[in-house]
């Protein structure tokens, strides 16, 4: 293993990681050109193939950090900012080991093919956002097919509320007031449906009867889909609320975020007490949920769920997704989420309506 640790291998791995990450960052900053992305990827892959195989573990180290460094940002809101560099190094080290193991395959072309198409099968704690194939729809290697839209006017509300304000008791009434303004404006504009982001109501909405009653009354004029917490059976859930025709339904999140919404280890209570002020894990729903709007069936997706391949294998053609990406801004996380959603929606011929706070 010592022969892999040298300055030349590190520099070569860093250069390859920079160039193969370039299309992702260009898209993030609004430069999305299929020809440019195609050329960058082709030239970069040729250079990677011609590089010494001993540089591949460092390529894995640096490119995983370029793609996933933002994971550490959520720890800012638990007074754990000191963990940010440790988490970033842990991410890089994990993929250094993965790419080191790849070198035992000996054939560089095989390693490159795994990097392009096989990383989706490496899922630490079920997390599979480090996958290069999501860039393909933004190149000439991929052909899009038109997807028929439902005959419904849907207004997507996108907000920009910093995470440190969302749960501030002084700000919550302002956010609620703004939510009702968005709904009333959508009614005036003649929309059939209005969709607000994940936790647009930063509270357990089903415990506030006055808010529920007002939303129910508004639902006689427009279908309302919004994110909020729900409190059921003495536990909290991350939920979607559907208000329609004077009634409401709650659909809980099925796929939870590891470390963000649950601890994927034993000793959960101890770890939550040490790192997360004793907060309990959220409870997942047993399966994905679907609902009907004006005769069209939609799949419900809350944030992380919208990037899960299982969701797209369900029969309904339409998905309504709600997200709160403020945990990870400013970063490339919203762009990465968008690319994954686009990739799966094209692959499985789904149409995704996505409302987000970021």
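Residue numbers (the working numbering): 11 to 368. Built from N, CA and C at the ideal position, the CB exists for glycine as well.
Given a threshold of 16 other Cβ atoms within 10 Å of its Cβ, counted over all protein chains shown, does residue i qualify as buried or as exposed?
i	result
residue 209	buried
residue 91	exposed
residue 259	exposed
residue 177	exposed
residue 141	buried
residue 59	exposed
residue 150	exposed
residue 121	buried
residue 89	exposed
residue 256	exposed
residue 250	buried
residue 96	exposed
residue 53	exposed
Look at the alpha carbon of residue i and the alpha carbon of residue j, and state the distance between them as a whole number of angstroms.
i	j	result
residue 331	residue 227	24 Å
residue 244	residue 186	24 Å
residue 27	residue 342	16 Å
residue 321	residue 49	32 Å
residue 231	residue 304	13 Å
residue 85	residue 268	13 Å
residue 199	residue 75	44 Å
residue 117	residue 339	39 Å
residue 31	residue 157	29 Å
residue 282	residue 246	Legend: pLDDT at residue 282 = 49, less than 50; position of this residue unreliable, value from coordinates given subsequently. Rounded to the nearest angstrom, the two C-alpha atoms are 15 Å apart.
residue 296	residue 214	20 Å
Please list, in chain order, all residues of the same chain as residue i whose beta carbon is under 7 Å from its beta carbon, the five residues on each side excluded.
i	result
residue 299	261 and 310
residue 308	300, 301, 326, 328, 329 and 330
residue 169	207 and 367
residue 336	171, 172, 173, 176, 367 and 368
My assumption, with CB atoms under 8 Å, is that residue i sits in contact with residue j. Please give the rounded CB distance.
i	j	result
residue 70	residue 108	6 Å
residue 147	residue 352	6 Å
residue 87	residue 216	In fact, because the Cβ distance is near 24 Å, the residues do not count as touching under 8 Å.
residue 126	residue 143	6 Å
residue 29	residue 68	Their Cβ separation, rounded to whole angstroms, is 14 Å, which puts residue 29 and residue 68 out of contact at 8 Å.
residue 82	residue 23	Not confirmed; about 21 Å, so no contact.
Going along the chain, which residues of its own chain have a beta-carbon closer than 6 Å to the beta-carbon of residue i, five neighbours each way excluded?
i	result
residue 294	264 and 266
residue 284	Only weak support exists for where residue 284 lies, its pLDDT of 47 falling under 50; the value from the coordinates is given anyway. Excluding positions up to five away in sequence, the list is empty.
Sort out for me which residues DSSP pairs residue i with in a bridge.
i	result
residue 169	367
residue 53	DSSP, once it has assigned bridges, lists no residue as partnering residue 53.
residue 257	254
residue 203	164 and 233
Going by beta carbon distance, what residues of the same chain come within less than 8 Å of residue i, once the five residues before and after it are set aside?
i	result
residue 152	146 and 356
residue 201	163, 164, 165 and 232
residue 159	361
residue 38	342 and 345
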